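Read the structure below first, then the notes.
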Amino acid sequence: MALNYLSRGTLAKLARPSGLQLARYATVNSAKTRVTALPNGFTIATEENPAVKTATVGVWVNSGSRSETAKDNGSAHFLEHMAFKGTSARTQHDIELLIENMGAHLNAYTSREQTVYYAKAFEKDVPQAVEVLSDILQNSTLNDAAIERERDVILREQEEVEKVMEEVVFDHLHATAFQNSPLGYTILGPRENILSITKKDLQQYISRNYTADRMVLVGAGGIKHDDLVKLAEKHFGSLKTGESPVALATRKDAPPRFWGSDIRVRNDDIPQAHIALAVEGVGWTHPSYFSMLTLQALIGNWDRSLGAPNNVSSRLSQIVSKNGLANSFMSFNTSYNDTGLWGIYLTSENVTRLDDLVHFTLKEWARLSTSVTEAEVERAKQQLKASLLLNLDGTTAVAEDIGRQILTHGKRMEPAEVAAAVDAVDTETVRK
0 MALNYLSRGT LAKLARPSGL QLARYATVNS AKTRVTALPN GFTIATEENP AVKTATVGVW
60 VNSGSRSETA KDNGSAHFLE HMAFKGTSAR TQHDIELLIE NMGAHLNAYT SREQTVYYAK
120 AFEKDVPQAV EVLSDILQNS TLNDAAIERE RDVILREQEE VEKVMEEVVF DHLHATAFQN
180 SPLGYTILGP RENILSITKK DLQQYISRNY TADRMVLVGA GGIKHDDLVK LAEKHFGSLK
240 TGESPVALAT RKDAPPRFWG SDIRVRNDDI PQAHIALAVE GVGWTHPSYF SMLTLQALIG
300 NWDRSLGAPN NVSSRLSQIV SKNGLANSFM SFNTSYNDTG LWGIYLTSEN VTRLDDLVHF
360 TLKEWARLST SVTEAEVERA KQQLKASLLL NLDGTTAVAE DIGRQILTHG KRMEPAEVAA
420 AVDAVDTETV RK
């Protein structure tokens, strides 16, 4: 799989759940995560930290752009925007004023497989925050006038996204790797859908996907598990279950076919090339998941603008730095429920030597399957464990980690489990 895009911008920072930066599972000193399920299938998961006087609470919905059709692609993201525009009990102004009076923060985001609504608040305000989350998720009015106003907002957002070449390249990469599959859809949806999505479309999407068996209420920080369970029973206990409910992490979508292909979008007015090379990766629960992360760590990341001539732990960085082949590169491992993308994203202003850049990249990939050394693998494993176990900081990061794992695994891996899984990767496993 190869994708080549000539870009006018500089390399943007990664803003998606892939790569070591976001492939996080637990902190070294994390407390035990407790999980409870209500009779309707609604799940509650918490990690209490009595020393913290704030908490992050949020609802993780097992639904994103992958749950859409070609006709309603963009609905999940559109709903994210509409959630804060008013409910049957509160106007948009009421919601904003309530959150401000608490000194809290309310936010949301959409990915290909998940939609998240969360609040960060003082410990004493957690009950109010949960009530607000329940209200916007179950009682949004989806006012026609607000929908029309939000179209313009989303279109402007789309224009901004299209200026970030990294985002453009990864959207193209998904579209070609997962052709004829919802996993290949963009999160924002095509312009024609943004202009045509109706209140009925949004209501139908909610009816199909915002069901109790597809949701997890997560709490992290100054919050007691039993207290959050009681709040969930009060505010989400009557939420309907889907027509064909299944336990979290056991839902099976139609597996997408991976298509090997090559896309090139040329614009001679743009001086820098953005290139993505990828092969089919593995899902979150695949036995080779940690092996793929180790491979990602072996390739590593490099950026010429940071000032260092090369990254001594990455052979590829030494090659591209010495020969002036690239401005930067970033290895990535993007996982989904049943598949993924493993590869590298490169930028280069040396557009006359792109073939050399691709050649040496693929040569380094091939070397990993034949002659990678034990020392290299051990170094990559240590870097990986440091990233997986030490990079979570704050209640919001912990809540995100819990929510993602409950949806994808049905449980949260303890630090010892994570360390053991990485330690189990050996040189022979990497070569395979």
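The letter at position 270 of the sequence shown is residue 269 when you use numbering that gives the first Met the number 0, and the numbering goes up by one with no holes.
Think of the CB as a built atom: it goes at the ideal place given N, C-alpha and C, for glycine as much as any other residue.
No experiment lies behind these values; they were computed from the predicted model shown.
Bridge partner(s) assigned by DSSP for residue i
i	result
W301	F328
W341	V278 and N332
Y117	G57 and N106
T240	Looking at the DSSP assignment, T240 forms no beta bridge with any residue, so it has no partner.
G85	T90
Q178	Answer by DSSP bridge pairing: none, since Q178 is not bridged.
S139	T86
S347	A272
Residue i - containing beta strand (DSSP E), residue span
i	result
L105	H104 to T109
M214	M214 to G220
R33	R33 to A36
D445	Nothing about residue 445 can be read from this structure; the chain reaches only from 0 to 431.
T45	T42 to E47
Neighbourhood of residue i by C-beta distance below 7 Å, restricted to the same chain and skipping five residues each side
i	result
A296	L19, A379, Q382 and L383
D124	M101 and A103
T428	S290
S287	V281
Q127	M101
G220	N48, V51, T53, A54, T55 and T394
A36	T42
P255	F177, S180, L182 and T338
E375	L297
E130	H234
Same chain, Cβ closer than 8 Å to residue i, neighbours up to 5 away in sequence not counted
i	result
A418	K384 and L388
T240	N39, G40, T210, A211 and D212
H80	E149, V152 and I153
E348	P270, Q271, A272 and N326
L353	N3, A272, I274 and S347
Q203	D71
From the options, residue whose alpha carbon lies closest to that of residue i
i	options	result
S87	N179, M164, S133 and K233	S133
P181	N142, A253 and S370	A253
R111	W341, G402, Y335 and E373	Y335
M291	S330, S304, T114 and N266	S330
A75	V125, A144, T90 and T197	T197
A54	P255, E399 and E416	E399
V281	F257, A69, H273 and Y108	F257
G183	L247, T68 and N266	T68
E373	T293, R411, I343 and D337	T293
G339	E348, D267 and A176	A176
T32	L194, G218, N322 and R352	G218
V58	L105, G73, D71 and I98	L105
A420	H171, V215, A231 and H285	H285
R190	D261, E158, K162 and W283	E158
E413	E363, V397, S243 and H234	V397
H224	E46, R430 and V424	E46
W283	L96, L361, K199 and R411	R411
N192	N72, A231, V424 and S64	N72
F83	D143, A107 and A365	A107
G342	H173, N142 and T426	H173
Close beta carbons around residue i, own chain, < 6 Å, minus the five adjacent residues each side
i	result
N61	R213 and L406
R15	With a pLDDT of 40 at R15, under the threshold of 50, the predicted position of this residue should be treated as unreliable, though the coordinate-derived value follows. Excluding residues within five positions, none has a Cβ falling inside 6 Å.
T26	Reliability of the predicted coordinates at T26 is poor, the pLDDT of 44 falling under 50, and no value is obtained from them.
L10	Confidence in L10 is poor, its pLDDT being 30 and thus under 50, which makes the residue's placement unreliable; the coordinate value appears in the next sentence. Excluding positions up to five away in sequence, the list reads S327 and T346.
I318	F359
I98	L105
L78	L201
A1	Residue confidence for A1 is low, a pLDDT of 46 falling below 50, so the modelled location carries little weight and cannot support an answer.
V34	A44
R65	R111, E112, P181 and L182
S368	R430
The alpha helix (DSSP H) enclosing residue i, as first and last residue numbers
i	result
S195	R190 to S195
H224	H224 to F235
L367	L353 to L367
Y204	K198 to N208
D124	That residue, D124, is in no alpha helix (DSSP H); it is neither H nor E in DSSP.
D422	P414 to D422
N72	Element bounds for N72: n/a, residue is neither H nor E.
L247	Careful: L247 lies outside any alpha helix (DSSP H) and carries neither H nor E.
T185	Where T185 is concerned, there is no enclosing alpha helix (DSSP H), given that its DSSP letter is neither H nor E.
N322	R314 to N322
T428	T426 to R430
Proximity test, Cβ basis, 8 Å: residue i and chain C
i	result
V357	Reference to chain C is not applicable here, since this structure consists of a single protein chain.
Query raised in the report: Enumerated in chain order, which unbroken segments of the alpha helix (DSSP H) with a length of 4 residues or greater are wholly contained in the stretch 371–405?
Result: Secondary structure remark: continuous alpha helix (DSSP H) runs of at least 4 residues inside the stretch 371–405, in chain order: 373–389.
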